[in-house]
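Contents: one structure, followed by commentary.
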Amino acid sequence: MASNAPEPGTVAAAQTADAAPVASVTVRYWAAARAAAGTDSDSQQGATVGDVVDAAASAHPGLERVTRVASFLLDGRKVGREEPVAAGATVEVLPPFAGG
């Protein structure tokens, strides 16, 4: 029986082996991010915080402008867009807040 798996050593095999797993995570939106998304939370997929945020911006027109200046928390810890995510994690989108 023939296998659909790429031959070891091929470019396709390297891409498959190097691809980060895609996780389904909860995204919580705060302040202006909530207004732009039209919801306080939803579920998105990605391998990194950046992937998840980009998926959210694609799903919610207007959110992209907020994400350009936002900070991100992954399970309560401030992270950058390159941080890997695990299934079941929570990413929070925090736009800049006015006041102290």
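So that you can map any letter, position 35 of the sequence shown is 44 in this note's numbering, and since no number is skipped, the others follow by simple counting.
Beta carbons are placed, not taken as given, at the ideal position from N, Cα and C, and that holds for glycine.
Taking the alpha carbon of Pro70 as the point to measure from, which residue in Ser80, Val31 and Ala42 has its own alpha carbon closest? On the sequence shown, residue 70 is found 61 positions in, with the first residue counted as 1. Nearest C-alpha to Pro70: Ala42.
Go through its chain and collect everything with a Cβ distance to Val102's Cβ below 6 Å, but skip five positions before and after it. The count along the sequence shown starts at 1 and reaches residue 102 at position 93. For Val102, where only same-chain residues beyond five positions count, the Cβ hits under 6 Å are Tyr38, Ala42 and Ala79.
Given a cut-off of 8 Å, decide if Phe81 and Arg90 are closer than it, judged by their beta-carbon atoms. Along the sequence shown, read from residue 1 onward, the residue named residue 90 stands at position 81. Along the sequence shown, read from residue 1 onward, the residue named residue 81 stands at position 72. Against a cut-off of 8 Å, the Cβ pair of Phe81 and Arg90 comes out as a contact.
Simplified DSSP state of Val34, which is helix, strand or coil: Numbered from 1 along the sequence shown, position 25 holds the residue referred to as residue 34. If DSSP states are grouped into helix, strand and coil, Val34 belongs with the strands.
Looking at the unbroken alpha helix (DSSP H) that takes in Glu92, where does it start and where does it end? Here residue 92 refers to the residue found at position 83 of the sequence shown. It is not in any alpha helix (DSSP H) - Glu92 carries neither H nor E in the DSSP assignment.
According to DSSP, simplified to helix, strand and coil, what is Thr99? Indexing the sequence shown from 1 puts residue 99 at position 90. In the structure shown, Thr99 falls within a strand segment according to DSSP collapsed to helix, strand and coil.
What number of angstroms, rounded off, separates the C-alpha of Ala29 from the C-alpha of Ser67? Your numbering for residue 29 matches position 20 in the sequence shown. Your numbering for residue 67 matches position 58 in the sequence shown. Our two residues, Ala29 and Ser67, have alpha carbons roughly 20 Å apart in a direct line.
As a quick exercise: from Arg77, Ala44, Ala45 and Ala56, pick the residue whose alpha carbon is nearest that of Thr99. Here residue 99 refers to the residue found at position 90 of the sequence shown. The residue with the shortest Cα to Cα distance from Thr99 is Ala56.
For Ala40 and Val94, the rounded distance between their alpha carbons: Within the sequence shown, the letter at position 85 stands for residue 94. Within the sequence shown, the letter at position 31 stands for residue 40. C-alpha separation (whole angstroms): 23 Å.
Under 6 Å Cβ to Cβ from Val62, same chain only, skipping five residues before and after it: list those, please. Here residue 62 refers to the residue found at position 53 when the sequence shown is read from its first residue. The residues Thr76, in chain order, have a CB closer than 6 Å to that of Val62 in the same chain once the five nearest residues on each side in sequence are set aside.
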